[in-house]
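In case it helps, my numbering puts the sequence shown at residues 12 to 119. Don't be surprised by glycine CBs; every beta carbon is placed ideally from N, CA and C. What you are looking at is a predicted structure, and each value in this text was computed from that prediction instead of being measured. One structure is given here, and the rest of the page talks about it.
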Amino acid sequence: MKLLKAIVRPDKVDAVQEALTAEGISGMTVTEVRGHGKQKGHTAIYRGQEYEVNLLPKLEVEVVVEDFVAASVCAAIVSAARTGEIGDGRVFVMPVEQSYRIRTGEME
């Protein structure tokens with residue numbers, strides 16, 4: 012199994028969710044995160060004062076999928092989240108050794 016962690020723009024999460032549903036993925040975890048890469052942040056004005064926003068709000072979408080669908084699910088996430096601008100995000104693919112269902116204790 013593979014764990015896919017996608018860091019995406021907040022306005023792209025619905026498109027990513029629809030893409031995952033189209034790929035047959037029913038479960039996902041979404042976490043609010045903050046960070047920056049090449050985008051580096053921006054200048055904002057609050058109550059007439061200018062300040063730097065260095066850590067931009069993003070959302071992290073996590074899904075665990077079987078090895079044979081990981082590439083197609085990753086491609087679906089990239090396609091759904093892409094705007095073509097700096098700050099679109101990243102997808103990380105990590106191996107998952109074991110998974111346990113808490114309710115029953117069964118290993119998957």
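### Query
Does the stretch 99 to 109 come close enough to the stretch 34 to 45 that 3 or more CB-CB pairs lie under 8 Å?
The stretch 34 to 45, when compared against the stretch 99 to 109, does not touch it at the 8 Å Cβ threshold.
### Sequence-distant residues of its chain with Cβ nearer than 6 Å to T42 (five each side left out)
E71
### Query
Does DSSP classify L14 as helix, strand or coil?
strand
### Task
Tell me whether T32 sits in a helix, a strand or coil according to DSSP, three-state version.
helix
### Message
Any heavy atom of the ligand ATP inside 7 Å of the beta-carbon of V64?
### Response
With respect to the ligand ATP, the structure shown offers nothing to examine, as it has no ligands at all.
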